[in-house]
Amino acid sequence: MKFLFKKTFAVHLRLSKVFCAALILCAVQREAYAQEATLWDPMIVASGSYGSVETSGSIHPADLFFPGDEAYDSAILEAIRAGRVPESNVFPFFGSELGVASAPKKAPRRNSESSSENNSESSLESASAAPAWRSGFSLSLSTPSLYYDSPATQDDLTSNLQGEPGLTPNAFPEIQHFLATLPDAIALNVRLYPSRSIAFKIDVSLFYRCDKIVGQNSTFQWDLDEWLGNLLGVAEFPRRSYVAWVGKGYGVALGRFPAGMGWGKLSGSLLNPRANWYDQIHFHLESGTLRFTSMIATSSAQLSKAEEEIQFRKKEDGSSFWDSQNDHDFAGHDQAIKLANWHQIEWKPAHWLEIALAEMSVMGGRLPSLSFVLPSAIWHNVYAAGYSNVGVSLSAAVVPLSGLLISGELFVDDVLSYDETSTTKPQALAWLGTARWSKALTGKLLLDSGLEYQHVDQWTYTRWNPYLAMYQRQTLTGGWRSFDQSLGAPWGPDYDSISVFAGLKFKSGASMQLSYEFIRKGPIYQGMASHIKVTADFDGDPNTLPTSEEIWVPVYYDYDEYAGDGALEAILSKPDEYRHLVSLTGALPLAKAVDLRLSATFGFYKNFDHILGATDTAFLLYAGILLRLPAD
Numbered sequence: 353m354k355f356l357f358k359k360t361f362a363v364h365l366r367l368s369k370v371f372c373a374a375l376i377l378c379a380v381q382r383e384a385y386a387q388e389a390t391l392w393d394p395m396i397v398a399s400g401s402y403g404s405v406e407t408s409g410s411i412h413p414a415d416l417f418f419p420g421d422e423a424y425d426s427a428i429l430e431a432i433r434a435g436r437v438p439e440s441n442v443f444p445f446f447g448s449e450l451g452v453a454s455a456p457k458k459a460p461r462r463n464s465e466s467s468s469e470n471n472s473e474s475s476l477e478s479a480s481a482a483p484a485w486r487s488g489f490s491l492s493l494s495t496p497s498l499y500y501d502s503p504a505t506q507d508d509l510t511s512n513l514q515g516e517p518g519l520t521p522n523a524f525p526e527i528q529h530f531l532a533t534l535p536d537a538i539a540l541n542v543r544l545y546p547s548r549s550i551a552f553k554i555d556v557s558l559f560y561r562c563d564k565i566v567g568q569n570s571t572f573q574w575d576l577d578e579w580l581g582n583l584l585g586v587a588e589f590p591r592r593s594y595v596a597w598v599g600k601g602y603g604v605a606l607g608r609f610p611a612g613m614g615w616g617k618l619s620g621s622l623l624n625p626r627a628n629w630y631d632q633i634h635f636h637l638e639s640g641t642l643r644f645t646s647m648i649a650t651s652s653a654q655l656s657k658a659e660e661e662i663q664f665r666k667k668e669d670g671s672s673f674w675d676s677q678n679d680h681d682f683a684g685h686d687q688a689i690k691l692a693n694w695h696q697i698e699w700k701p702a703h704w705l706e707i708a709l710a711e712m713s714v715m716g717g718r719l720p721s722l723s724f725v726l727p728s729a730i731w732h733n734v735y736a737a738g739y740s741n742v743g744v745s746l747s748a749a750v751v752p753l754s755g756l757l758i759s760g761e762l763f764v765d766d767v768l769s770y771d772e773t774s775t776t777k778p779q780a781l782a783w784l785g786t787a788r789w790s791k792a793l794t795g796k797l798l799l800d801s802g803l804e805y806q807h808v809d810q811w812t813y814t815r816w817n818p819y820l821a822m823y824q825r826q827t828l829t830g831g832w833r834s835f836d837q838s839l840g841a842p843w844g845p846d847y848d849s850i851s852v853f854a855g856l857k858f859k860s861g862a863s864m865q866l867s868y869e870f871i872r873k874g875p876i877y878q879g880m881a882s883h884i885k886v887t888a889d890f891d892g893d894p895n896t897l898p899t900s901e902e903i904w905v906p907v908y909y910d911y912d913e914y915a916g917d918g919a920l921e922a923i924l925s926k927p928d929e930y931r932h933l934v935s936l937t938g939a940l941p942l943a944k945a946v947d948l949r950l951s952a953t954f955g956f957y958k959n960f961d962h963i964l965g966a967t968d969t970a971f972l973l974y975a976g977i978l979l980r981l982p983a984d
């Protein structure tokens, strides 16, 4: 078996080397194919991120576009190269925001025909719109040629809803980030355009289950059960489905699709740009130099037995158990619900400058009143410590010279005010700085490069109650496990990261991107807890003595109050884990609807699992063929 593993690894390694060489040579030399292709036409859409790759076609004003889509990337980079701050730091973009959407042109009519056809103009327009905007079906197929050697366990990748939390968790967002770059094995997409202002999309796809990328294996060695469980049995679709409509100065979308807020490509502090999707209602309003964006999303409310105990624990008199200093609400709150809100206003006083102010709110355990969800409310002024957790962000972006965008962002989860003591809350901040440079190196080659630095405090995004912690839960097939992703920074709380990336885009359609990420990950993770004997006030009566019970206690800044002096320090004194991640992605057109695809990530881990001196490695590789039907 070891021989088979080594042989498979060697084959994949040789294939990746051959692919990289072919990518560079063929992209420059394939002039014949380049002349046949539509060159640098922003009206042509090629979706290249978050899984499936879709059929190209004319841009509809209400379609959504994401990082990795050619139209989106072109809009961002062309603005930077022109010396302007791009349209917004929020994605997705609507087709109407790309500046190229237009209704299909109707054939000219003779004067004698015009009067008889005036009444049917709208019906003719709708009839002509459908073919140009490609209503209907599209299908993509890719070879399931995947190799992985991962140090992660299944419990590292997903939460076991039948298990128990602990004090030594680990997490590997980089595995999900790798999977997001792969084409789906099978992806069927349905698009419907009933009018110029409305778009509908839904997808049905088979892809790789995120919690099964453990150990050393490849799709060439899977047995029947592994095929059924790891690929064919993953019924988590749709992953990018929506109904959207647009008008002059606004756009609204409802559905399941990725989203992000901030200027980071690999990092973010307010709305995780690398999450696979959010179930959301999303809209924006724009006029002049101002733009307002609002989004509300839901998370799975499913909890494990231990999480349920932590979430709904109260004293016998109905008062708060975990946060008695701040939570003075005796109303019952035992509703299984978790919501998250974002809203932001962006101001461009000049074409080269943007300033933005945003709020984020997480609510859970009780149905919120309108004041907690109205986009026009100020959520910091709606106080409810027991079922609301709010953060605020201030960001700015500047294009000091054509081709260079520099941005900075500060996110405040918690900070002590003038009337609060250090026992009421911890300081919890995050900040992000980015620099992105884009340049046309030649008439046939574009460069996109960037540098990002992110810091996240120990307790940022964390909370006692699972419903108030800033992460979203996506229950996997069967309901036994869930995939939990940070709502803010991609690696959750307690880390620093430095990211560098460079991408090349050839006029022939070939592309390549190389990135390096360094992560210092501290010992604090979302969902840490222990089952211990606690002596505390369980009844809320000041006239009775504290009693002792065995309960689940979440790890937070006041952990010693329940677990005893020194318990928190024993966790915090563990060594930081250092991760070095190198990722390479590439695409090479072989024919009009056939691409060669490569995605690889190598990881080196020092002080692995927060054990001093321990090391480990990871290697993930996909190299295969992607076929799109119908052909463009």
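Going from the sequence shown to my numbering is simple: count from 1 and add 352.
For every residue, glycine included, the Cβ atom is placed at its ideal position computed from N, Cα and C.
- Nearest to Y847 by alpha-carbon distance, out of E526, I876 and L828, is I876.
- In this structure the segment 828–846 lies against the segment 522–534, because at least three pairs of beta carbons, one per stretch, are closer than 8 Å.
- Taking 8 Å as the cut-off, the beta carbon of S494 is found closer than this to the beta carbon of D536.
- Scanning its chain for C-beta atoms nearer than 6 Å, with the 5 sequence neighbours on each side dropped, one finds around F552 the residues L544 and V595, in chain order.
- Counting only residues of its own chain and dropping the five nearest sequence neighbours on each side, G607 has a CB closer than 7 Å to the CB of S593, Y594 and V595.
- Only buried fits W904, as 16 or more other CB atoms lie within 10 angstroms of its CB.
- Going by DSSP, P496 is part of no alpha helix (DSSP H) at all; its letter is neither H nor E.
- When the Cα atoms are used, P842 and M822 turn out to be separated by approximately 11 Å.
- The segment 775–785 makes contact with the segment 802–809; the number of CB pairs closer than 8 Å reaches 3 or more.
- The DSSP-derived three-state label of I633 is strand.
- Beyond the five residues adjoining it in sequence on each side, L584 comes within less than 8 Å, by CB distance, of L558 in the same chain, given in chain order.
- For N441, the secondary structure class from DSSP, reduced to helix, strand or coil, is coil.
- Inter-residue distance for R815 and L942 is about 51 Å (C-alpha atoms, whole angstroms).
- Take P503, set aside five residues on each side of it, and the residues of its chain with a beta-carbon closer than 6 Å to its own are D968 and A970, in chain order.
- With contacts defined by Cβ atoms closer than 8 Å, P727 and A611 do not form a contacting pair.
- If you draw a straight line from the Cα of F890 to the Cα of K657, it comes to about 20 Å.
- Where S426 is concerned, the enclosing alpha helix (DSSP H) starts and stops at E422 to R433.
- When DSSP states are grouped into helix, strand and coil, P525 belongs to the helix group.
- Residue environment for Q632: buried (at least 16 other C-beta atoms within 10 angstroms of its C-beta).
- The beta-bridge partner set that DSSP reports for R718 is empty.
- Boundaries of the alpha helix (DSSP H) around L509: Q506 to L509.
- By the Cβ-count criterion, N895 is exposed, with fewer than 16 other Cβ atoms from all chains shown falling within 10 Å of its own Cβ.
- Contact between S497 and T571 is confirmed by a C-beta separation of about 6 Å, below the 8 Å threshold.
- In the displayed model, A919 falls within a helix according to three-state DSSP.
- For A748, the enclosing beta strand (DSSP E) begins and ends at S740 to L753.
- In the three-state reduction of the DSSP assignment, S723 falls in the helix class, which pools H, G and I.
- Counting only the Cα atoms, N628 lies some 12 Å from F418.
- The segment 731–743 makes contact with the segment 705–722; the number of CB pairs closer than 8 Å reaches 3 or more.
- With a cut-off of 8 Å on Cβ pairs, the segment 659–676 is not in contact with the segment 612–628, counting fewer than three such pairs.
- Within the segment 818–862, the runs of beta strand (DSSP E) at least 3 residues long that lie entirely inside it are, in chain order, 823–827, 833–838 and 847–858.
- Judged by beta-carbon spacing, L519 lies within the 8 Å limit of V907, meaning their Cβ atoms are closer than that value.
- Shown here, K564 sits in a helix according to DSSP, grouped into three states.
- Judged by DSSP in its simplified three-state form, K944 adopts coil rather than helix or strand.
- Residue state for W704 is assigned as coil, using DSSP reduced to three classes.
- Spatial neighbours of T505 in its own chain (CB-CB distance under 7 Å, excluding positions within 5 residues in sequence) are listed in chain order as V566.
- Residue range K657 to F664 is occupied by the alpha helix (DSSP H) that includes F664.
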